[in-house]
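Below is one structure; the comments refer to it alone.
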Amino acid sequence: MMSTTRIFPPLLLFGLLLGLFASAAPQAAEDIDFGQYYALIVGNNEYRHLQPLKNARRDAEVLSDVLKNQYGFQVTQLLDAEREDIITALDKFRLTLEEGDNFLLYYAGHGWEDEGADEGYWLPVDAAENKTVNWISVATITTKLRALAAKHILVVSDSCYSGKLTRGVKPILDNKLNYIRKMASKKARTVMTSGGLEPVLDAGGKWGLSIFATAFMEALAERDESVIDTSTLFPEIRRKVMTAANQTPEYADIRKAGHDGGDFLFVRRAKFSISDIVGKITEPVLGLADNVNTNGGRGSKVTEEPEPSKDVTPLRDTGWKIAIGAVAGAVIIVILIMVVIRLRKGKGIRSTKVEPSKSPESVSPEVGALIQEKQSQWEALQKEIPKMKLDLANTPVNERTALDQRIREKQSQQKKLESELADLERKLGDG
């Protein structure tokens, strides 16, 4: 979730022995040995040097309950974890996991993309901006996963710019039982991310969870099958997230981690209700209201920021700050000023509103009108891009190139507008 958004999630990468819970699997699949299931769940809210998140811990706690009590996972949960905590836990799993086991690694927190080095990072709670000593790189995660003996490994990353973990998407076979048998027999190193190279939201879902966490757990709860392959689960998650937010989840194999064509399989022990599970979590709900502006994401930003007003809800997004000020006078009624701070070597994270650096009365009518025009253009793109991404998800793979190019062009236009608005704000401050 770091980046100028939320840090790598600031992303968006995943039962006990089937013999112990034979009733959980369909009768035709009872002879398949699914192995033991383990999970390391990380949820970081309380960042010391970056802007805190609100819902990453809650996402982790609810998912831990679902995996432990409904799918038979042996869960290790890390809340507000430092780099050493995460690395040490992964090293312990290297000693624990055996060849037939399954391992799910879930991360909710800040993420960062270093464009110059073409590298992505997860940011633990002891991470500091521009000091990489406590960051965890995608290369480090891949190396740790490659050393694990488990047959199936799934990484679920709910952080920004987590698309750095992914490669190409795998096809799904038609014959379900044969497919399950095949996926159970082959090694899998896969990752599901809450977004690609883009900001992801820290909240906005149901029950005080992020939009991605809500979609992920709803998909686990609503499926009727007793054995669920992640390739089948993913399209449902992607549709829900893309409909609700300007982010596109991805599911693919992890680059250079030893993937051999398998898939991560969830073996259900019992049906469950997410609302019942959430009711057991005592942490207060800090999610966004249904009508909240979903422009932000899980990214990192230094915490020396102005105190937001009571009607401001932070998002898991890159370091921009949006200020809305009323303009007195006959010429300009309302001026919207957006401040976008984007770091060139890795994009920051969340967004918060701040007061304009210049009083409305001192802003010239020409500048005010220009700001209004560019803000309107940006807002139009903010509505248009998610719809285009939803169309892309429903377009055959061999026909996506043109639409994908148009989406990239729209995103470039939006970034250009953000930069122009930032320049205008700086000029206002210097004036």
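Quick note on numbering: the sequence shown equals residues -24 to -1, 1 to 407 in mature numbering (1 follows the signal peptide of the UniProt record, and there is no 0). Glycine included, each C-beta is placed from N, C-alpha and C at the ideal position. Note that the coordinates shown come from a computational prediction; the quantities given were computed from them, not determined experimentally.
*Let me know the secondary structure DSSP gives L185 once reduced to three states.*
Locating residue 185 in the sequence shown gives position 209, where the first residue counts as 1. Correct three-state label for L185: coil.
*Does DSSP put F192 in a helix, a strand or coil?*
On the sequence shown, residue 192 is found 216 positions in, with the first residue counted as 1. It is helical.
*Return helix, strand or coil for N154, following the three-state DSSP convention.*
As a first step, residue 154 is located in the sequence shown; it is residue number 178 there, counting from the start. Helix.
*Count the C-beta pairs between the region 25 to 33 and the region 58 to 76 that are closer than 8 Å, then say yes if the count reaches three, no if not.*
no
*Residue(s) in a DSSP beta bridge with Y14*: Looking up residue 14 in the sequence shown gives position 38. According to DSSP, which records beta bridges pairwise, Y14 is partnered with Q50, F79.
*asked:* Going by beta-carbon coordinates alone, are A189 and A115 separated by less than 8 Å?
replied: For the purposes of this step, residue 189 is identified with residue 213 of the sequence shown, where counting begins at 1. For the purposes of this step, residue 115 is identified with residue 139 of the sequence shown, where counting begins at 1. No; because the gap between Cβ atoms is not below 8 Å, this pair is not in contact.
*asked:* When you compare the CB positions of A57 and N106, do they come within less than 8 Å of one another, or not?
replied: The residue you call residue 57 lines up with position 81 of the sequence shown. The residue you call residue 106 lines up with position 130 of the sequence shown. Not in contact: A57 and N106 (Cβ atoms no closer than 8 Å).
*Do you know offhand how far L366's Cα is from T206's?*
What you label residue 366 is simply residue 390 of the sequence shown in a count that begins at 1. What you label residue 206 is simply residue 230 of the sequence shown in a count that begins at 1. If I take the Cα positions, the gap works out to 20 Å.
*Say the cut is 7 Å; is the CB of D239 nearer than that to a heavy atom of the ligand NAP?*
This structure lacks the ligand NAP, and indeed carries no ligand of any kind.
_On the CB-based measure, 16 or more other CB atoms within 10 Å of its CB, does P362 come out buried or exposed?_
Counting from 1 along the sequence shown, the entry for residue 362 is found at position 386. P362 is buried by the Cβ-count criterion.
*Between the region 163 to 170 and the region 120 to 135, are three or more C-beta pairs nearer than 8 Å?*
yes
_The alpha helix (DSSP H) that contains D239, what's its start and end?_
By 1-based counting over the sequence shown, the position of residue 239 is 263. Careful: D239 lies outside any alpha helix (DSSP H) and carries neither H nor E.
*Go to L121, then tell me how far its alpha helix (DSSP H) extends in each direction, as first and last residue.*
Indexing the sequence shown from 1 puts residue 121 at position 145. Its alpha helix (DSSP H) spans residues 114 to 122.
*asked:* Rounded to the nearest angstrom, what separates R24 and L99 at their Cα positions?
replied: By one-based count along the sequence shown, residue 24 stands at place 48. By one-based count along the sequence shown, residue 99 stands at place 123. When rounded, the distance between both Cα atoms is 11 Å.
_contact_flag[the region 36 to 50, the region 205 to 221] where n(CB pairs < 8 Å) is 3 or more_ = no
*asked:* By DSSP's criteria, D9 is part of a beta bridge. Which residues make up the other side?
replied: On the sequence shown, residue 9 is found 33 positions in, with the first residue counted as 1. Answer is none; D9 lacks a bridge partner.
_D9 to Y155 span [Cα, whole Å]_ = Here residue 9 corresponds to residue number 33 of the sequence shown, with the count starting at 1. Here residue 155 corresponds to residue number 179 of the sequence shown, with the count starting at 1. Roughly 14 Å separates the two Cα atoms.
*C-alpha distance - K386 paired with I187, whole-angstrom precision*: Here the question's residue 386 lines up with position 410 in the sequence shown. Here the question's residue 187 lines up with position 211 in the sequence shown. Roughly 23 Å between the two C-alpha positions.
*Please confirm whether L121 and A233 have their CB atoms less than 8 Å apart.*
Position 145 of the sequence shown, counted from the start, is the residue given in the question as residue 121. Position 257 of the sequence shown, counted from the start, is the residue given in the question as residue 233. Yes, the pair counts as a contact, with Cβ atoms nearer than the cut-off.
*So, helix, strand or coil for T166, using DSSP?*
The residue you call residue 166 lines up with position 190 of the sequence shown. Three-state result, T166: strand.
*What are the boundary residues of the alpha helix (DSSP H) that D229 is part of?*
Along the sequence shown, one-based indexing puts residue 229 at 253. It is not in any alpha helix (DSSP H) - D229 instead sits in the beta strand (DSSP E) that spans 226 to 229.
_Between the alpha carbons of I347 and S388, how many angstroms are there, rounded?_
Locating residue 347 in the sequence shown gives position 371, where the first residue counts as 1. Locating residue 388 in the sequence shown gives position 412, where the first residue counts as 1. Taking the straight line from one Cα to the other gives about 18 Å.
*Is G19 helix, strand or coil when you go by DSSP?*
For this step, residue 19 is matched to residue 43 along the sequence shown. It is a strand residue.
*How would you call A126, buried or exposed, if buried means at least 16 neighbouring beta carbons within 10 angstroms?*
Here residue 126 refers to the residue found at position 150 of the sequence shown. Answer is buried; the Cβ neighbour count reaches 16.
*Which stretch, first to last residue, makes up the alpha helix (DSSP H) that contains V217?*
As a first step, residue 217 is located in the sequence shown; it is residue number 241 there, counting from the start. That run of the alpha helix (DSSP H) goes 206 to 220.
*Nearest-angstrom Cα separation, counted from E349 out to L73*: As a first step, residue 73 must be located in the sequence shown, where it is residue number 97. As a first step, residue 349 must be located in the sequence shown, where it is residue number 373. Straight-line Cα distance between these residues: approximately 57 Å.
_Between the alpha carbons of M193 and V42, how many angstroms are there, rounded?_
Looking up residue 193 in the sequence shown gives position 217. Looking up residue 42 in the sequence shown gives position 66. Looking at the two C-alpha atoms, the distance is approximately 8 Å.
*If you run the structure through DSSP and keep just helix, strand and coil, what is L368?*
Taking the first residue of the sequence shown as position 1, residue 368 is located at position 392. It is helical.
*Roughly how many whole angstroms lie between the Cα atoms of Q351 and A345?*
By one-based count along the sequence shown, residue 351 stands at place 375. By one-based count along the sequence shown, residue 345 stands at place 369. Distance between the alpha carbons of Q351 and A345: 10 Å.
*Tell whether a beta-carbon distance below 8 Å holds between Q53 and N222.*
Residue 53 sits at position 77 when you count from the first residue of the sequence shown. Residue 222 sits at position 246 when you count from the first residue of the sequence shown. No, the pair does not count as a contact, with Cβ atoms beyond the cut-off.
*Taking only the alpha-carbon atoms, compute the straight-line gap between R214 and L80 and give it to the nearest angstrom.*
Taking the sequence shown and counting its residues from 1, one reaches residue 214 at position 238. Taking the sequence shown and counting its residues from 1, one reaches residue 80 at position 104. In a straight line, the C-alpha of R214 is about 19 Å away from that of L80.
*Would you kindly work out how many angstroms separate the C-alpha atoms of I17 and V343, rounded to a whole number?*
For the purposes of this step, residue 17 is taken as the residue at position 41 of the sequence shown. For the purposes of this step, residue 343 is taken as the residue at position 367 of the sequence shown. The straight-line gap from Cα to Cα measures roughly 48 Å.
_Run of the alpha helix (DSSP H) containing D67, from where it starts to where it stops_ = The residue given as residue 67 occupies position 91 in the sequence shown. It spans 59 to 72 - the alpha helix (DSSP H) in which D67 sits, taken as one unbroken run.
*asked:* Please report the straight-line C-alpha distance between N110 and D102, rounded to a whole angstrom.
replied: Stepping through the sequence shown from its first residue, residue 110 is reached at position 134. Stepping through the sequence shown from its first residue, residue 102 is reached at position 126. Those two C-alpha atoms are separated by around 7 Å.
*Could you name the residues of the same chain whose beta carbon sits closer than 6 Å to that of R320, not counting the 5 residues immediately before and after it, in chain order?*
The residue you call residue 320 lines up with position 344 of the sequence shown. The predicted model places R320 with a pLDDT of 32, which falls under 50 and marks its position as unreliable, so this point remains unresolved.
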